[in-house]
Amino acid sequence: MYPLNIDGEELYLRDLKINDLPNLLKWYNNIDDFSLATGVYKPITLKEILERYFKCQSSSKDFFAGIYIRKSGEMIGVLKGWLDCEKDLSAWINSIIIDPGFQRKGYGSKTVNLFIRHVKECCNVKRVYLSVAEENFKGMSFWKQQSFREVKKISKDRDSVSKCKSIVIMCREI
């Protein structure tokens with residue numbers, strides 16, 4: 001796993017540890033709030049979370065970090081994705097989850113900015129990409145506020161398990 005341990009003024013990011021996974025399971029199983037962000041449309045088990053965690057652990061490019069409030073040390077979310085610091089000099093954000101009790105307080109924006117500053121300074125990343133379900137209106141609005149722009153739209157296959165019809169690829173040049 002790519003180590004993503006970043007200190008910020010109000011927040012810090014730290015690689016997930018096994019004892020963080022129950023929080024992750026709680027958020028992934030909060031289908032109403034996070035299904036469009038995680039792609040999880042029915043409850044999953046701790047075993048499935050462990051499989052995702054170990055898959056990230058075995059990849060040198062993947063990151064899976066907890067988002068913590070500096071003052072309290074409380075974990076309020078996660079940031080997941082991967083980096084290509086060699087060829088393409090790009091990063092992908094697969095998902096960002098902020099606990100509903102901490103949303104609309106600027107923590108998502110601070111997390112994105114902390115991450116972007118880090119990958120720009122430490123890896124010389126030039127672009128950050130992400131995909132978002134077109135039906136995820138909150139997500140689309142959030143990413144546009146973070147200066148991401150739409151670069152491609154992909155229509156989903158009718159047989160797909162996903163409840164979304166289209167995926168939008170977004171990019172931010174840094």
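Numbering (the UniProt record's numbering), first residue to last: 1 to 174. Ideal Cβ placement from N, Cα and C applies to all residues, glycine included.
Practice prompt. Would you kindly report the start and end of the unbroken alpha helix (DSSP H) that includes Ser131?
Written response: Position 131 of the sequence shown, counted from the start, is the residue given in the question as residue 131. Taken as a continuous stretch (DSSP letters only), Ser131 belongs to no alpha helix (DSSP H), being part of the beta strand (DSSP E) at Arg127 to Ala133.
Discussion item. Given this structure, state the Cα-to-Cα distance separating Gln145 from Cys56, to the nearest angstrom.
Written reply: As a first step, residue 145 must be located in the sequence shown, where it is residue number 145. As a first step, residue 56 must be located in the sequence shown, where it is residue number 56. For Gln145 and Cys56, the distance between alpha carbons rounds to 28 angstroms.
Worksheet item: When the Cβ atoms of the region 92-112 are set against those of the region 41-50, are three or more pairs found closer than 8 angstroms?
Response: no
Fill in: Beta-carbon gap between Ser95 and Gly8 smaller than 9 angstroms
Here the question's residue 95 lines up with position 95 in the sequence shown. Here the question's residue 8 lines up with position 8 in the sequence shown. No, Cβ-Cβ distance for Ser95 and Gly8 is not below 9 angstroms.
Fill in: Cutoff 6 angstroms; reference Ser155; Cβ partners in own chain excluding five residues on either side
Here residue 155 is taken as the residue at index 155 of the sequence shown, counted from 1. Taken in chain order, the residues that qualify are Ser166.
Worksheet item: With DSSP run on the structure shown, which of helix, strand or coil describes residue 203?
Response: Residue 203 lies beyond the range of the chain shown here (1 to 174); nothing can be said about it.
Fill in: Given Lys71 as reference, the closest of Glu134, Met1 and Tyr12 once Cα atoms are compared
Translated into the one-based positions of the sequence shown, residue 71 becomes position 71. For Lys71, the nearest C-alpha among the options comes from Tyr12.
Item to complete: Compute the distance between the beta-carbons of Met170 and Leu114, then report whether it is under 9 angstroms.
Response: Translated into positions along the sequence shown, residue 170 becomes position 170. Translated into positions along the sequence shown, residue 114 becomes position 114. Not in contact: Met170 and Leu114 (Cβ atoms no closer than 9 angstroms).
Worksheet item: Alpha carbon to alpha carbon, what distance is there between Tyr68 and Glu74?
Response: The count along the sequence shown starts at 1 and reaches residue 74 at position 74. The count along the sequence shown starts at 1 and reaches residue 68 at position 68. Roughly 5 angstroms separates the two Cα atoms.
Discussion item. One question on the structure: do Tyr2 and Ser60 come within less than 9 angstroms of each other, judged by their Cβ atoms?
Written reply: To locate residue 2, count along the sequence shown from 1; it is residue 2. To locate residue 60, count along the sequence shown from 1; it is residue 60. Closer than 9 angstroms, so yes.
Worksheet item: Taking only beta-carbon atoms, is Lys80 less than 9 angstroms away from chain B?
Response: In the displayed structure, chain B is absent; only one protein chain is listed.
Discussion item. Starting from Phe102, trace the beta strand (DSSP E) in both directions and tell me its first and last residue.
Written reply: As a working note, residue 102 is residue 102 in the sequence shown. Segment: none, Phe102 is in no beta strand (DSSP E) and carries neither H nor E.
Worksheet item: Glu150 by DSSP, collapsed to three states: which one?
Response: Here the question's residue 150 lines up with position 150 in the sequence shown. It is a strand residue.
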